[in-house]
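A short write-up of the structure that comes next.
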Amino acid sequence: MGVGPALPGPVIGLRREREVLTVALGTNRHVVLEGPPGTGKSTLLRAVAAETGHDVVFVEGNAELTPARLVGSYDPAAVMAEGYVAGSFVDGPLLTAMRGSGLLYLEELNRIPEETLNVLITVLTEGEIAVPRLGTVRATAGFRLIAAMNPFDAIGTARVGQAIADRMCRVVLGYQDEAGEREIVAAVTGGAARPVALAVALVRATREHRDLRTGSSVRGAIDLVLLLDGLLRLRGVAGLADGGAREATRDALHAALSGRVRVTEGVERTPESVLDEILDGIWPADAEPPATDGSAGGAPTPAGDGPGKAGGPPPEAAGPESRSGPPERPGRRGPRQTARRELQLRHASFDDVSPEVGELDEEAFAALMGADPDAAAALLADLALATDRELRSAARRLAARVFVQVGRVGAARARGTRRLAVARGGDGDLDLERTLDRWSGPWPPAPEDTVARRWTGSRRAVCLVVDRSGSMGGLGVAIAAVAAAGVVLAAGERLETSVLAFSDRVEVLQQHGRHRAPEDLVLALVGLRGHGRTDVAAALRAAAAQLRTAAHADERLVVLLSDCLSTAGEPAESALAGIDRLDVLCPLPGSEEDGALAAARSLAARGGGAVAAVRSLRDLGPALTRLLA
Numbered sequence: 000m001g002v003g004p005a006l007p008g009p010v011i012g013l014r015r016e017r018e019v020l021t022v023a024l025g026t027n028r029h030v031v032l033e034g035p036p037g038t039g040k041s042t043l044l045r046a047v048a049a050e051t052g053h054d055v056v057f058v059e060g061n062a063e064l065t066p067a068r069l070v071g072s073y074d075p076a077a078v079m080a081e082g083y084v085a086g087s088f089v090d091g092p093l094l095t096a097m098r099g100s101g102l103l104y105l106e107e108l109n110r111i112p113e114e115t116l117n118v119l120i121t122v123l124t125e126g127e128i129a130v131p132r133l134g135t136v137r138a139t140a141g142f143r144l145i146a147a148m149n150p151f152d153a154i155g156t157a158r159v160g161q162a163i164a165d166r167m168c169r170v171v172l173g174y175q176d177e178a179g180e181r182e183i184v185a186a187v188t189g190g191a192a193r194p195v196a197l198a199v200a201l202v203r204a205t206r207e208h209r210d211l212r213t214g215s216s217v218r219g220a221i222d223l224v225l226l227l228d229g230l231l232r233l234r235g236v237a238g239l240a241d242g243g244a245r246e247a248t249r250d251a252l253h254a255a256l257s258g259r260v261r262v263t264e265g266v267e268r269t270p271e272s273v274l275d276e277i278l279d280g281i282w283p284a285d286a287e288p289p290a291t292d293g294s295a296g297g298a299p300t301p302a303g304d305g306p307g308k309a310g311g312p313p314p315e316a317a318g319p320e321s322r323s324g325p326p327e328r329p330g331r332r333g334p335r336q337t338a339r340r341e342l343q344l345r346h347a348s349f350d351d352v353s354p355e356v357g358e359l360d361e362e363a364f365a366a367l368m369g370a371d372p373d374a375a376a377a378l379l380a381d382l383a384l385a386t387d388r389e390l391r392s393a394a395r396r397l398a399a400r401v402f403v404q405v406g407r408v409g410a411a412r413a414r415g416t417r418r419l420a421v422a423r424g425g426d427g428d429l430d431l432e433r434t435l436d437r438w439s440g441p442w443p444p445a446p447e448d449t450v451a452r453r454w455t456g457s458r459r460a461v462c463l464v465v466d467r468s469g470s471m472g473g474l475g476v477a478i479a480a481v482a483a484a485g486v487v488l489a490a491g492e493r494l495e496t497s498v499l500a501f502s503d504r505v506e507v508l509q510q511h512g513r514h515r516a517p518e519d520l521v522l523a524l525v526g527l528r529g530h531g532r533t534d535v536a537a538a539l540r541a542a543a544a545q546l547r548t549a550a551h552a553d554e555r556l557v558v559l560l561s562d563c564l565s566t567a568g569e570p571a572e573s574a575l576a577g578i579d580r581l582d583v584l585c586p587l588p589g590s591e592e593d594g595a596l597a598a599a600r601s602l603a604a605r606g607g608g609a610v611a612a613v614r615s616l617r618d619l620g621p622a623l624t625r626l627l628a
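If you count by numbering that gives the first Met the number 0, then the sequence shown holds residues 0 to 628, one letter each, in order.
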């Protein structure tokens, strides 16, 4: 059907709503436009009014809009001089629109007091109103009442009475499609296609997230593009593909959207943590920025994964061609997500825990957790990356509770004022046995190769460094999440913590000196799927940089959760500067012939620390307690 000459001007999308509103006004109907913020209610009305030649009298609805303010009132000074005559009366917006053939636009209709709305009943039915001392005022032929309201806002609102609702037509507006929102954001901001597409994808994801009661409107995408563009220019970053662009995107995302979204009641999360999860899904920390497909409706597509350990990735990190079950649909969630068929093949208890699509039976999971904690933890970690969106959201919420609770086992605070500790360097009494364990080469050993024992205070800085390369998945991810929760829970006045994740790149999950809720940290970790090569040296240097910010710490130690089998970068032992002690948690090691445990022992010896083999969740709590006590 072609566009007739009576249709209004350029409003992006909303064709059906434009047609209905145009016809309603043409047939002398009053209309209420209903929809969430940012759907174009005001824009649509102004476009129709301009096309039909109507003036718009705008009224902001609120609790202070009294009948007198809406209708009008006598000017006291004029009454004193001339009495109650027509010239002493000052028209309010209602009478102004009724006398001038205009459209009265009442915004936020459900915020207006009931006594004020009752004034409109006769106007809507008879087209006239009786004003005390002034008489009856009749509306001209062109008068219409157009109201707008957000039905999802429950703060400071009231239900519109049936007497008003029965006298108005209702046009419901929703958000435009993705192509339409991109067009709106590009037109307002003048932004390039790539940041516009990224902003729109992030904003639209907030409307679908299960932990958010209310997502952001397109206004959030507009602000996000403008803030991101300003931050990139301020920080000297050329574009999204350059280093520092993702951090700028995260800062802009928090500023633009954290005040616009509303977390669902009963969900103990911050808006920032939900936004971080959305960003991780659309733009993973170790991936290239999402690209557009060039079409009008194309969504950003995440970059592919890198290779795993030498010798090939494990089954859970393999590409689509090596997986059982149907191939995944390309999406904007970032980390490769796991189909139900694959989860059924991988976990014997999957059908008990998730009997239907989108369902997670917490009672069945609790039973599995009691019978086999490792199997339950591995299943929960994999469910957090399921292609089933409802199941994935439920699994992440459950993981935040379960893994934090398990992590409390290892949360031990430092006690006492001073203790005898070992540290790298020559300051203190030489520990000959530990020095010989880590020394190789000509005698005497270099100062940095010696290990000394000295009395030290109890203030310590701990950096947990988690391997998320190709060998991590399932139970490995669960162990990492529990370890992170345990480290953060152990933090206090005498123990400062930070958390890093690494493959061939390093991501700071919690900066030193900044608090992050353990639940948020768990959600960040379970959203990571192991991929890429292993650069232990880069991770240790990043950990040392975090520890340097702990100016008042008496001891700076790193807890490395990794098999220590580097496949990229320099030798790990070359990156121990600035670390007083390095302890290694070796997750799921094979036999010593496989080299994992041997590599972990060698690196820990060079770092003056110890090794704990973590084959299950039961091993993790005691190991963390020993290291953090």
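All residues carry an ideal CB built from backbone N, CA and C; glycine is no exception.
query: Cβ contact check for the stretch 98-118 and the stretch 76-86: 3 or more pairs under 8 angstroms; result: no
query: For C525, the nearest candidate out of E63, A146, P283 and V583 (CA to CA); result: Cys is not the amino acid found at residue 525; the sequence shown has Val there. Among E63, A146, P283 and V583, the Cα nearest to that of V525 belongs to P283.
query: Contacting residues, own chain, Cβ-Cβ under 8 angstroms from E267 (five flanking each side not counted); result: E518
query: Whole-angstrom C-beta distance between G568 and A536, which should lie under 8 angstroms; result: 5 angstroms
query: R68 vs G91 beta-carbon contact at 8 angstroms; result: yes
query: CB contact below 8 angstroms: L390 versus chain D; result: Of the protein chains in this structure there is only one, and it is not chain D.
query: The stretch 473-483 in contact with the stretch 579-588 per 3-pair CB rule at 8 angstroms; result: yes
query: Endpoints, the beta strand (DSSP E) within which F88 is located; result: F88 to D90
query: Those residues which DSSP pairs with A480 across a bridge; result: Looking at the DSSP assignment, A480 forms no beta bridge with any residue, so it has no partner.
query: Per-residue DSSP class, three states only, for V349; result: It should be noted that the sequence gives Phe, not Val, for residue 349. Reduced to three states, the DSSP call for F349 is helix.
query: Three-state secondary structure (DSSP) of F364; result: helix
query: Under 8 angstroms between C-beta atoms of E246 and L522; result: no
query: Assigned exposure category for R459 - 16 Cβ within 10 Å defines buried; result: buried
query: Reduced DSSP secondary structure (H/G/I, E/B, other) of E554; result: strand
query: Same chain, Cβ closer than 6 angstroms to A147, neighbours up to 5 away in sequence not counted; result: L32, K40 and E106
query: Given G71 as reference, the closest of V55, M97, A62 and H208 once Cα atoms are compared; result: M97
query: For L133 and P75, the rounded distance between their alpha carbons; result: 15 angstroms
query: Residues bridged to E180 (per DSSP); result: BP columns for E180 are empty, so no partner.
query: Three-way DSSP call (helix, strand, coil) for R268 in this model; result: coil
query: Inter-residue CB distance, L560 and L463 (contact presumed, cutoff 8 angstroms); result: 7 angstroms
query: Inter-residue Cα distance where the pair is A631 and H346; result: Nothing about residue 631 can be read from this structure; the chain reaches only from 0 to 628.
query: Reduced DSSP secondary structure (H/G/I, E/B, other) of F402; result: helix
query: Backbone secondary structure at G12 - three-state DSSP; result: coil
query: Given L616 as reference, the closest of D579, T386 and D371 once Cα atoms are compared; result: D371
query: Neighbourhood of L539 by C-beta distance below 8 angstroms, restricted to the same chain and skipping five residues each side; result: V464, V557, L559, A571, A574, L575, I578 and L581
query: Residue(s) in a DSSP beta bridge with I145; result: V30 and Y104
query: Span separating the alpha-carbon of L711 from that of A375; result: The structure shown does not extend to residue 711, since the chain is modelled only from 0 through 628, so no value can be given for it.
query: Delimiting residues of the alpha helix (DSSP H) encompassing Q161; result: Q161 to A164
query: Buried versus exposed call for N149 [16 or more other C-beta atoms within 10 Å across all chains shown]; result: buried
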